[in-house]
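Number of protein chains: 4
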Amino acid sequence: MNVAIIGATGYGGAELIRLLQQHPDVTIQSCHSSSQHGSETVDSYPHLQAVAGMELKPIVTEEIARDADLVFTATPSGVSSELVPELIKAGTRVIDLSGDFRLNDTEQYEAWYNKKAPNAAVLDNAVYGLTEWLDTDLTKAQLVANPGCYPTAALLGLAPLVKRQLIDPNTIIIDAKTGVSGAGRNATTVTHFTEMNDNLKIYKVHEHQHTPEIEQVLSDWSSHAGAVTFSTHLVPMTRGIMTTIYTDAPEGMTTEKLVALYKESYKDCYFVRIREQGTYPSTKEVYGSNFCDVSLAYDERTNRIMIVSVIDNLVKGAAGQAVQNMNRMFGLDEKTGLAFAPVYP
Amino acid sequence: MNVAIIGATGYGGAELIRLLQQHPDVTIQSCHSSSQHGSETVDSYPHLQAVAGMELKPIVTEEIARDADLVFTATPSGVSSELVPELIKAGTRVIDLSGDFRLNDTEQYEAWYNKKAPNAAVLDNAVYGLTEWLDTDLTKAQLVANPGCYPTAALLGLAPLVKRQLIDPNTIIIDAKTGVSGAGRNATTVTHFTEMNDNLKIYKVHEHQHTPEIEQVLSDWSSHAGAVTFSTHLVPMTRGIMTTIYTDAPEGMTTEKLVALYKESYKDCYFVRIREQGTYPSTKEVYGSNFCDVSLAYDERTNRIMIVSVIDNLVKGAAGQAVQNMNRMFGLDEKTGLAFAPVYP
Amino acid sequence: MNVAIIGATGYGGAELIRLLQQHPDVTIQSCHSSSQHGSETVDSYPHLQAVAGMELKPIVTEEIARDADLVFTATPSGVSSELVPELIKAGTRVIDLSGDFRLNDTEQYEAWYNKKAPNAAVLDNAVYGLTEWLDTDLTKAQLVANPGCYPTAALLGLAPLVKRQLIDPNTIIIDAKTGVSGAGRNATTVTHFTEMNDNLKIYKVHEHQHTPEIEQVLSDWSSHAGAVTFSTHLVPMTRGIMTTIYTDAPEGMTTEKLVALYKESYKDCYFVRIREQGTYPSTKEVYGSNFCDVSLAYDERTNRIMIVSVIDNLVKGAAGQAVQNMNRMFGLDEKTGLAFAPVYP
Amino acid sequence: MNVAIIGATGYGGAELIRLLQQHPDVTIQSCHSSSQHGSETVDSYPHLQAVAGMELKPIVTEEIARDADLVFTATPSGVSSELVPELIKAGTRVIDLSGDFRLNDTEQYEAWYNKKAPNAAVLDNAVYGLTEWLDTDLTKAQLVANPGCYPTAALLGLAPLVKRQLIDPNTIIIDAKTGVSGAGRNATTVTHFTEMNDNLKIYKVHEHQHTPEIEQVLSDWSSHAGAVTFSTHLVPMTRGIMTTIYTDAPEGMTTEKLVALYKESYKDCYFVRIREQGTYPSTKEVYGSNFCDVSLAYDERTNRIMIVSVIDNLVKGAAGQAVQNMNRMFGLDEKTGLAFAPVYP
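Chains as they are written, first to last, in this note's numbering: chain V, 44 to 388; chain P, 44 to 388; chain W, 44 to 388; chain D, 44 to 388.
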């Protein structure tokens, strides 16, 4: 299978290269960059020397579509909305890692992203690719909207309770923490080493564009779902997301029941690991891997449930889930090329 | 004023030395350690060379009480409960940095600390020293129970709303994050550099001993207060606590009103800095200082309030607040020796 | 091929599990631990859940030797010296990751390691496994002494110059810096997060046990080699070693010549990447991978050469080079199971 | 004493504010910024709220010179060279923290800084302010060129040996490591958190502009001094410099002699702490303070001396030494306002 990567100089693109280079059924046919074309991948990423050195090409959608069985667009929001329809029109299949094709409601998109919404016809055909909870057979999909990093962690943590209508979705509070790679490769004062090291920041309070994405999926799963509280913090680490989720509990809840429910819900999902009662994951325990680890705890003092989920934001939160979706699109075992251990310590 | 420090080889003790060495009205008369006596402070802490090198003495309460106007007990819970009554009996005044004299209810103490409660008569005379919200004149106090690090951050963030009965305390959820120095100086696998670096952990889920301390104070402030949800995370940084607090809002709330209320509530409190609407503190902005910075945000989508408060856990969360309380006990301006800037970056 | 890992709860053992689990020709038949046997690998390392969960077995050398084609001993120095002869005697092949079989001179071993030297007959048959510069065909080797992390980085950086007798080995100064995982998993005050974070330490000054290992190899390569200056620093990072090496230059040296010499020397070595003139590697550019990146710079002002080499201490400096040696022992392409990209960022 | 700070939005300027705000004899009369004037100090540095909030004013040299007894120019190289002569001409005294007035040889300046050298007459009157080794009475000085961070650490480490002609200066190799704040506040990809965290980099190989500064001082101290090898590394920490210095030893050297020599040399220097034989400083042990800690070790195997010196690059390496020089200029005890402990941990 020949694939092309557009936006190869961002962290999402670099991680796609790392994962696809190891994939037994894939050849990276070409890498593309709007700003760096003409240079080499190793000029941007010296770690790729000897592994995936190749020229960065310009973005000519027709040529790309002609040569590739699948295109990954790891481009910023607002760029994908222009590029993807051209690629689709030219006849190739696409997995888009931006936020452009995730929100069905174009008004929501324009309100939260502050950008013009993509073409409605293309958007209508996009499948939201939260792999473990797909309601579509991806082998037919032409466009997969790869989920955001935060929504992946939060939704995998919430799905069993919300889908079975066991909780009131309006009591959900998601306190999310991310490593700094989630902010991308552009240097800013906020993410300057000296400002971020040994520091903890809260950012985009009540304004994070992943909020409507989470709410949209919860609404699909439960007719009672409305607005959720979702906050985001920058932790002085490179990779990793932890979401600590609080919600009111239904009557008769126990931690045992929660753990049993989640184990059952995810029993066929290799990449979701439910922790034993009383043990909790740390972000480093999924570092570099496609796993999402989830712990559950019921607190009888407050009658609330706490859900803790962790992912590597660049893998299960971006490139890894994209490869998992690719495997589904082409009828492969979803684990192909992804069943390796986290890098620990 | 002559002071003694018991427990000088822990982080709380070392930070007391740093602060008291700079204090214009204080002489550190002696430092004591149960395990290291006979050695020098600089053997444990080379950074004190030329600044506060002195012998570590054994803990002989009568001698200490005889020579010191005030004793800081920076000893572990379970040790203070034995030591402090002896010091009080010997006639000196004490500021205790452990959790032993904070909880009025000895059953709660024994349940959460898993240790024997201290002498009831001594406990009854202990004043809980959340300096900004004292209801007692400390000049008469013989024993001050210095608040825990988490309760300091959380309670300073909650006080204006709870004391004015503006919110339902049962809707309070406190998502707390701490730097690793909060775990003390004892080396463990959990806090081993290699295990903690580039990592984020959740710990003591529903079991943290600061929970009843927070609840006790909230109950003092509001008759409706009951159990709160309180969770604790270890962030890969040395110092700093951030509490992100969620609570349901009363009708008609706005962020403007919140900021105005907090500015009014803390207008005479040098060490509590209320941030302007739309700006948020990071932990490093109080690093090494006695400040607590607080931001407020109302979210009309969910009708919830978010309060963000940050402190340096070793200063306002321990040694700094202890010095602030000492200033109060001896009739000094509370800022004396503490009005310096955070170390940034 | 069936392999056993003894010492599976240390970082070297855990990294072997990660690498061997991905290796197409290997089955991890059993993992062994003297202290943790009876528990599961995931009890020590939750990140291995679903990937390499298995029971930790006791160390019964005869059983292990009977069932395994190869045994990795990732045991501490002083333990391997006892275990390995038993395994050899029982007829299996061994790659030892400790320092016990690296020094030919048992007096040197006892002086630097402060332990009793291993059996001389077994020692004599051990092959020092610096893979790129082996002078033996490993397909016949029964025991490979896997090199130390620092010697690997330093020797790969020095080999082309020393082996061709281009420099005076007595002018070599190696200033080495390591991530903290090199100190192992045992919690100590020195490697406590709070003490190590945002900190840089120098340690084992003139006493590091890798000094005679470096000197022994240099002596094998050049009859003029004697003592070298070798210093070691702890950097607040998890993985990675950088050696900055200084040496007097021969007449007529230029950076161009150095780069050309090294490219030629390593042209058949996939895992050694020579950087272009004027560019330098950082440790993260080999993170999680088996690469060693090397840069060269001649300074005409001082007539000295600077060599910079970086490795991941747990991969090329331990488990990765062990797998590379395993590949050689069993006649496989040395890249098998190791040709993946570093994890960046 | 009224002082003005020009360049108050850089790290050097911010650190000057922190130190001068605590100084008992100083009033910060005004802060100036070319780019941020009109805004407040707290807009750039929220940590200064309540401590040193004030308006940032434009740079009008005549007004500044009229109102201030002393001006600190914490401006970039190339800017100071223009500003300082105007300030001097307007009659004020100046401490310049840039590199512009450190090199006597304007050709060297232009070669290493790639900027136009400052006015020769002004340069001739500049005193190089390595406080512990001044050969001038600063009470008469109108312009002090505050030393660079690296030269301060290296020269304090080398002075006793070089000034007494005990070593051959041509054998000096300085392997220097710095925290990232040394690179300033401008966000770049090299110092982006995600690129620098858990990483170690070497930079400006054979091109660092502090090289000629070190060589110039060594030449002043020893007629045999020529070029030195000086290399610079970026360590993932905020503050701190360590220089590991290697040099050939004279006959009959021992570590005891070295330690005794250094203790004697620095016996009247509060801010230089010589460590006992066999103990070594880490950078965090001087964090936030004006101390320089130095250890010595002689290696008989190689007949080389190793000197290890650490400073906080923003304090003894910049703002702290500037305040120490200010104290000297105005006849105060050099410790005034600076005799506080490092922040540890």
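Cβ coordinates follow ideal geometry from the N, Cα and C atoms, glycine included. Nothing here was measured: the structure is a model prediction, and the numbers come from that model.
Chain P has no Cβ within less than 8 angstroms of the Cβ of residue 386 of chain V. In chain P, no part has a C-beta under 7 angstroms from the C-beta of residue 213 of chain D; the shortest such distance is about 33 angstroms. Within the segment 276-300 of chain W, the residues whose Cβ lies closer than 8 angstroms to any Cβ of chain D are, in chain order, 276, 278, 279, 280, 281, 282, 283, 285, 287, 289. Taken atom to atom, the span from the alpha-carbon of residue 297 of chain V to that of residue 320 of chain V is near 11 angstroms. As summarised for the segment 221-309 of chain W, the continuous alpha helix (DSSP H) elements at least 4 residues long and confined to that stretch are 236-239, 254-264, 298-308, given in chain order. Identification of chain D residues near residue 241 of chain P by a Cβ-Cβ cut-off of 9 angstroms yields 240, 241, ordered along the chain. Residue environment: residue 208 of chain D is assigned as exposed (fewer than 16 neighbouring CB atoms within 10 Å of its CB, all protein chains considered).
Bridge partners of residue 347 of chain D according to DSSP: D:291, D:342. Nearest in C-alpha terms to residue 105 of chain W, of all of W:99, W:98, W:114, is W:114. Within the same chain, Cβ atoms closer than 6 angstroms to the Cβ of residue 269 of chain W are found at 213, the five residues on either side in sequence being excluded. For residue 271 of chain V, the nearest CB of chain P lies under 8 angstroms from its own CB, placing it at the interface with that chain.
Interface with chain W (8 angstroms Cβ-Cβ cutoff): residue 200 of chain V is excluded. Of the residues D:135, D:229, D:127, D:183, the one whose Cα lies closest to the Cα of residue 163 of chain D is D:127.
A straight line joining the alpha-carbon of residue 218 of chain D with that of residue 271 of chain D spans about 11 angstroms. Residue 281 of chain P places its beta carbon less than 8 angstroms from that of residue 223 of chain P. Within the same chain, and ignoring the five residues on either side of residue 227 of chain W in sequence, the residues whose Cβ sits closer than 7 angstroms to its Cβ are 53, 54.
The beta-carbon of residue 75 of chain D is placed no less than 8 angstroms from the nearest beta-carbon of chain V. Interface annotation, residue 133 of chain V: not in contact with chain D, CB-CB separation never under 8 angstroms. The Cβ neighbour count for residue 174 of chain P, taken over all protein chains shown within 10 Å, is at least 16; the residue is labelled buried. Straight across, the Cα-Cα distance linking residue 136 of chain D with residue 169 of chain D is about 11 angstroms.
With a threshold of 8 angstroms between beta carbons, residue 237 of chain W makes contact with chain P. The alpha-carbon separation between residue 357 of chain P and residue 69 of chain P amounts to approximately 20 angstroms. Boundaries cannot be given for residue 313 of chain P, as no beta strand (DSSP E) includes it and DSSP labels it neither H nor E.
Within chain W, no residue has its beta carbon less than 9 angstroms from that of residue 119 of chain V; the closest one is some 18 angstroms off. In terms of beta-carbon proximity, residue 230 of chain D lines the interface with chain V, with at least one pair separated by less than 8 angstroms. Apart from sequence neighbours up to five positions away, the residues of its chain that approach residue 315 of chain V with a beta-carbon distance below 7 angstroms are 175, 199, 309, 335, 337, ordered along the chain.
The three-state reading of DSSP puts residue 72 of chain P in strand, counting E and B together.
Residue 113 of chain V carries a strand assignment under DSSP once its states are collapsed to helix, strand and coil.
Collapsing the DSSP output to three states places residue 377 of chain P in coil.
Of all C-beta pairs linking the segment 345-363 of chain P to the segment 324-331 of chain P, three or more are shorter than 8 angstroms, placing the two stretches in contact.
Taking 8 angstroms as the CB threshold, residue 66 of chain V stays off the interface with chain W. Proximity of chain V to residue 88 of chain W at the Cβ level (cut-off 8 angstroms) is accounted for by 387, in chain order. Apart from sequence neighbours up to five positions away, the residues of its chain that approach residue 66 of chain V with a beta-carbon distance below 6 angstroms are 380, ordered along the chain.
Under the Cβ criterion of 8 angstroms, residue 207 of chain D is not counted among the residues facing chain P. Residue range 192-206 is occupied by the alpha helix (DSSP H) that includes residue 196 of chain D.
Near chain D, meaning a CB-to-CB distance below 7 angstroms, the residues of the segment 345-366 of chain W are 345, 347, 349, 351.
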